[in-house]
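Protein sequence lines, in the order shown, are assigned to chains A and B.
Here the numbering used here is used: position 499 in the first sequence is 1280, and no number is missing along the way.
Here the numbering used here is used: position 421 in the second sequence is 1202, and no number is missing along the way.
Don't be surprised by glycine CBs; every beta carbon is placed ideally from N, CA and C.
One structure is given here, and the rest of the page talks about it.
2 protein chains.
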Amino acid sequence: MHGLMMEQQLLISGIIDHAAKYHSDGEVISVNTNGGETRTNYAEVRARALRLSSALLKRGMNKSDRIATIAWNNHRHLELYYAIPGAGLVCHTLNPRLFPEQFIYIINHAEDRIIFFDQTFLPLVDALRDKLTCVELFVLMEPHNEELAAAHPWMESYEDFLATGDENASWSADLDEKDASSLCYTSGTTGNPKGALYSHRSTLLHTIMSATPDVMNLSACDSVLPVVPMFHVNAWGIAYSAPLVGAKLVMPGPGLDGKSLVGLLNREKVSFSAGVPTIWSGLLQHLSDTNTKLPHMDRTVIGGSACPPSMIDTFRDDYDVDVIHAWGMTELSPLGSVNNLKYKHLSLSKEEQNALRINQGRPPFGIELGVFDEEANQLPNDGIAQGDLYCRGPWVISEYFSGEGGDPLVDGWFPTGDVAVIDADGNMTIRDRSKDIIKSGGEWISSVELEGLAMAHPNIADAAVIAARHAKWEERPLLIVVPVEGKTVTTEDMQKFYEGKVAKWWIPDAVQITDEIPRNATGKIRKNLLRESFGDVLMK
Amino acid sequence: MHGLMMEQQLLISGIIDHAAKYHSDGEVISVNTNGGETRTNYAEVRARALRLSSALLKRGMNKSDRIATIAWNNHRHLELYYAIPGAGLVCHTLNPRLFPEQFIYIINHAEDRIIFFDQTFLPLVDALRDKLTCVELFVLMEPHNEELAAAHPWMESYEDFLATGDENASWSADLDEKDASSLCYTSGTTGNPKGALYSHRSTLLHTIMSATPDVMNLSACDSVLPVVPMFHVNAWGIAYSAPLVGAKLVMPGPGLDGKSLVGLLNREKVSFSAGVPTIWSGLLQHLSDTNTKLPHMDRTVIGGSACPPSMIDTFRDDYDVDVIHAWGMTELSPLGSVNNLKYKHLSLSKEEQNALRINQGRPPFGIELGVFDEEANQLPNDGIAQGDLYCRGPWVISEYFSGEGGDPLVDGWFPTGDVAVIDADGNMTIRDRSKDIIKSGGEWISSVELEGLAMAHPNIADAAVIAARHAKWEERPLLIVVPVEGKTVTTEDMQKFYEGKVAKWWIPDAVQITDEIPRNATGKIRKNLLRESFGDVLMK
Chain A
782 MHGLMMEQQL
792 LISGIIDHAA
802 KYHSDGEVIS
812 VNTNGGETRT
822 NYAEVRARAL
832 RLSSALLKRG
842 MNKSDRIATI
852 AWNNHRHLEL
862 YYAIPGAGLV
872 CHTLNPRLFP
882 EQFIYIINHA
892 EDRIIFFDQT
902 FLPLVDALRD
912 KLTCVELFVL
922 MEPHNEELAA
932 AHPWMESYED
942 FLATGDENAS
952 WSADLDEKDA
962 SSLCYTSGTT
972 GNPKGALYSH
982 RSTLLHTIMS
992 ATPDVMNLSA
1002 CDSVLPVVPM
1012 FHVNAWGIAY
1022 SAPLVGAKLV
1032 MPGPGLDGKS
1042 LVGLLNREKV
1052 SFSAGVPTIW
1062 SGLLQHLSDT
1072 NTKLPHMDRT
1082 VIGGSACPPS
1092 MIDTFRDDYD
1102 VDVIHAWGMT
1112 ELSPLGSVNN
1122 LKYKHLSLSK
1132 EEQNALRINQ
1142 GRPPFGIELG
1152 VFDEEANQLP
1162 NDGIAQGDLY
1172 CRGPWVISEY
1182 FSGEGGDPLV
1192 DGWFPTGDVA
1202 VIDADGNMTI
1212 RDRSKDIIKS
1222 GGEWISSVEL
1232 EGLAMAHPNI
1242 ADAAVIAARH
1252 AKWEERPLLI
1262 VVPVEGKTVT
1272 TEDMQKFYEG
1282 KVAKWWIPDA
1292 VQITDEIPRN
1302 ATGKIRKNLL
1312 RESFGDVLMK
Chain B
782 MHGLMMEQQL
792 LISGIIDHAA
802 KYHSDGEVIS
812 VNTNGGETRT
822 NYAEVRARAL
832 RLSSALLKRG
842 MNKSDRIATI
852 AWNNHRHLEL
862 YYAIPGAGLV
872 CHTLNPRLFP
882 EQFIYIINHA
892 EDRIIFFDQT
902 FLPLVDALRD
912 KLTCVELFVL
922 MEPHNEELAA
932 AHPWMESYED
942 FLATGDENAS
952 WSADLDEKDA
962 SSLCYTSGTT
972 GNPKGALYSH
982 RSTLLHTIMS
992 ATPDVMNLSA
1002 CDSVLPVVPM
1012 FHVNAWGIAY
1022 SAPLVGAKLV
1032 MPGPGLDGKS
1042 LVGLLNREKV
1052 SFSAGVPTIW
1062 SGLLQHLSDT
1072 NTKLPHMDRT
1082 VIGGSACPPS
1092 MIDTFRDDYD
1102 VDVIHAWGMT
1112 ELSPLGSVNN
1122 LKYKHLSLSK
1132 EEQNALRINQ
1142 GRPPFGIELG
1152 VFDEEANQLP
1162 NDGIAQGDLY
1172 CRGPWVISEY
1182 FSGEGGDPLV
1192 DGWFPTGDVA
1202 VIDADGNMTI
1212 RDRSKDIIKS
1222 GGEWISSVEL
1232 EGLAMAHPNI
1242 ADAAVIAARH
1252 AKWEERPLLI
1262 VVPVEGKTVT
1272 TEDMQKFYEG
1282 KVAKWWIPDA
1292 VQITDEIPRN
1302 ATGKIRKNLL
1312 RESFGDVLMK
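Written out as structure tokens, the structure reads:
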């Protein structure tokens, strides 16, 4: 017997409908690509998104066709986030930091029919467009501009395109919550990218859970600035969760340098932000250089890569900003775990509490995490057993777009490719990517933990630890650093620095100086490149 | 094209699975019916609930059979909340304050096959059991007791019953999220009660949304005491939402008097509670009499009936407890709207903010509210248009259990039977039940508003306002009061008291003194009885 409750599909359009109805004047501030800013609100965002959805269908788009975006966090990108799935199509966000060959591969693989792009990426799109066999229409996300239009007759302006839509359009009527809504490709550090195809349902469940207090804690009293780009796993869902609760939304556009961000955070009284550690490094540097504070900011979620403990301390001690350490993946929409205290921890000292907040935290309701041995047997959550991290839940992929790579699941679980430990409270510590962990004489050493410690050294601007080949131990840790300008870092210094902080046999054998730590499009260290360059230095 | 995400049903068992896995030692404190208390945790609650679900199926219960409870908020009731739906059955919570004839009607109408009851209700059950034609088994929610068993051979003990279940049971495997999970009958102020049949899906969506910051704001750092009974619309979802986030859960058992509650709130450092205004009156009286404070309590949700503004002020000013005014109905699971501020209100003075927090607030994502005229045309949300309040969303009923009362919906909306006004921010003010509003010379007067004001008068212990028949104006407001012991209340006093607080023509024509305001099982004023007694006093 079924319950006797109203049957309503969980649809992305429902979010902006709610925001427009109950937070019609909820502010959306958007830094424009060409300077200046646009101030709008949720009622206007919805009205324009609806018209845009109608324009898309008038151009002959069919159910579930992919529409790509290459864009910063701005109001037009936000409109596309609702217009595309609201028309029954799939919003495919592209990371502009990809290499050209990856771009071409992904767009052709997704069979994108239209590309919407910010003017920053006009040269990129122009250079690649001949190779994008499936794309029928290129739309520049700007008002009409005679000069540009004359120079680039192959493209259309966003505002012209939008104007072709019906002013009184409705959302597509026949959508099922299981229908595909958006597509993100993983920017693997090696190999061809693979697509995660989200549904309306998975997006809605992820959005609601991510607003809860132990995740992002979002309310209508927040001013929210997603530093994490809308092309990086849907800005971790913030473009959905902020309207869901009616929070003020501040879109930073292309200005992700420390100075621009600090200006915006303080002017718009931002209470909540989220981003990857590398962005926050630049921001902290600017704050320190200019002796500026963050009087309105309350908290920030840091994820994407492991957050160095020193960064958590600096935010908390110097700026009174609570850092919430989180972990996720494209394949998880991306929310996997978040570090927050429990009731039983409230009686601990601040110091003890801070020590508990360094790991990647526990899964929220909806996500189940487990560590498994090589035969896929589940290991205990005892804080000791280390194994492959598996995951399952309603916002975890079941397979990649168009079946790429075959069935990724093991007994219904998604293997994340990370090695981790989980304690009895469910708190998870990522030890490493499986392929990056260092196997020294049969024992495992976490490169992530060694990197996090190194980042606290005052002379080090950036650091990576790799498994270098070793004659006796098979592999040994090698610390690769970019020193702060004018400073030196030696093997002896660093070995002393690590003493007492990790087991003796974990201490890297040597320090290798370099100019830059190579990173992929989402800021992850490309260790395969470092291994190519430095993997043999301990063999010499 | 569907998204490629894991298909997982939203099931109630998933909540306690999550709590047991990631908050295994999360405390559950339960005041026992016969004195003393039980301290347990989510891992044990799950283990016992699983065994209980197996015991239910071993007794031959079939999918969707109804299992009734007549019980206080305690750990066994919590186990039943998970065991019954986890076995694919329907948990039917009965309000022990019902009249015997309503009891018999509801149990037979629901065709309950088993009744679990607390010892408080043993005399009640014993007196009625001959008339409960469908009930096959009566289970006393206590350990085995020889003496009781000998005196009442028709019943079994809970612990004996539980022990018949499998220790290694699993949840029922074939459940769909749309399957019925629980059943609550509306305790209408007139007529036969009708059942709202919730599903796993509606319950899960309601639970997750109710944990968000602008609703109950529940986290793993909270200590939660539901004063609202588990037989009153599932304790407003708290028996689900507290385990969902891993909060400490404090179950007050039968002790709902001011002294017992204050003791428990302070000893267990309760940060969040929820209940109806009448319970809080008793608590505030005890606090004032004993000069006691509530040092740990942060906030409380008050709903069920309109909360008098004076109660909000007292909690906030004297006890530093934030009152969150909310509105709901059995037919809405019950969450309909919650009063919380928005970002744009943060710059207002405390006084201006408090003034905004008196109404019933705005709907959270998932609920849509509208006011409609008599021809079911939607009126604007302009803060002026007053009309019938309609509602829709995934946790709103589509019809009553077994089709009772026919199709309740109008164009897909559920008419609530309330008269309300909604402003542009979505904030809703309940003016009255449609049948209680006072129509004076063609204009409407809100009895709820007049009652709320009267409750702030120091000489008034309880108050109700009804539409009394009037020769000239058709209806005029009559204020019916229970004075504080030893105090007097006169018509002249009250007319002066209302001056300047409401329009002149709203001021009640007379004051009628009475011993008690009659209330139904959930604390709602039974105005039909008052109208029978006093409806003609202005005609004399």
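With a threshold of 16 other beta carbon atoms within 10 Å, I1165(A) falls short and is exposed. The way I'd put it, the stretch 1022-1040 of chain A does touch the stretch 809-821 of chain A; three or more beta-carbon pairs between them come closer than 8 angstroms. In the structure shown, the three-state DSSP call for S1000(B) is coil. Straight across, the Cα-Cα distance linking Y966(B) with I1139(B) is about 29 angstroms. For the pair K1125(A) and G1304(B), the Cα-to-Cα distance works out to about 35 angstroms. Among the CB atoms of chain A, one or more fall inside 8 angstroms of the CB of F1146(B).
The Cβ atoms of G784(B) and A954(A) do not sit closer than 8 angstroms to each other. In this structure, DSSP gives L964(A) an extended state, which the three-state scheme calls strand.
At a Cβ-Cβ threshold of 8 angstroms, R1173(A) and F1195(A) count as neighbours.
Within the stretch 1083-1129 of chain A, the complete alpha helix (DSSP H) segments of 4 residues or longer fall at 1090-1100, listed in chain order. When CB distances to chain A are screened at a threshold of 7 angstroms, not a single residue of the stretch 850-869 of chain B falls below it.
G1184(A) has its alpha-carbon roughly 40 angstroms from the corresponding atom of Y803(A). Counting along the chain, the unbroken beta strand (DSSP E) around R1257(B) starts and ends at E1255 to P1264. Less than 8 angstroms divides the Cβ of D1290(A) from the Cβ of R1257(A). Taking C-beta separations shorter than 6 angstroms and ignoring five residues to either side along the sequence, the partners of D1217(A) in its chain run S1228 and K1308, following chain order. In the DSSP annotation of this structure, the continuous segment of the alpha helix (DSSP H) that includes T984(B) starts and ends at H981 to A992. Minimum Cα-Cα distance from E1230(A) among the listed residues D1070(A), P1090(A), R857(A) and S963(A) corresponds to P1090(A).
Secondary structure in the stretch 908-978 of chain B: the alpha helix (DSSP H) runs of 4 residues or longer, each lying completely within the stretch, are 927-932 and 939-944 in chain order.
Taking the CA atoms as reference points, D846(A) sits about 12 angstroms from R840(A).
If you check each beta-carbon in the stretch 995-1023 of chain A against every beta-carbon of chain B, the ones closer than 9 angstroms belong to D995, N998, L999, S1000, A1001, C1002, D1003 and S1004. Using a CB distance cut-off of 8 angstroms, G1207(B) counts as an interface residue toward chain A.
Pairing V1152(A) with I1203(A) gives a Cβ-Cβ distance under 8 angstroms. Here DSSP, grouped into helix, strand and coil, assigns G1036(B) to coil. For W1108(B), the closest alpha carbon among the candidates G1056(B), D1099(B), P1239(B) and I885(B) is that of G1056(B). Within the stretch 1163-1187 of chain B, those residues whose Cβ lies closer than 8 angstroms to any Cβ of chain A are, in chain order, R1173, G1174, P1175, W1176, V1177, I1178, S1179, E1180, Y1181 and F1182. Close to D960(A), with beta-carbon spacing below 9 angstroms, are these residues of chain B in chain order: M782, H783 and G784. DSSP lists G1034(B) as the beta-bridge partner residues of N854(B).
Secondary structure of I887(A) (DSSP, three-state): helix. Note that the stretch 855-869 of chain A does not touch the stretch 1154-1171 of chain A; fewer than 3 beta-carbon pairs, one per stretch, sit closer than 8 angstroms.
Out of G867(B), V826(B) and I851(B), the CA that lies nearest to the CA of S834(B) is found in G867(B).
Chain order gives the chain B residues near S980(A) as H783, G784 and M786, where near means a beta carbon separation below 7 angstroms. For the stretch 1122-1138 of chain A, the set of residues with a beta-carbon nearer than 9 angstroms to any beta-carbon of chain B comprises L1122, K1123, Y1124, K1125, H1126 and L1127, in chain order. Chain order gives the chain A residues near A1028(B) as Y1124, where near means a beta carbon separation below 8 angstroms.
Here E1297(A) carries a coil assignment [DSSP, helix/strand/coil]. Legend: CB atoms of the stretch 1073-1094 of chain B lying less than 8 angstroms from CB atoms of chain A are not found in any residue.
I1294(B) sits exposed, since fewer than 16 C-beta atoms from the chains shown fall within 10 Å of its C-beta.
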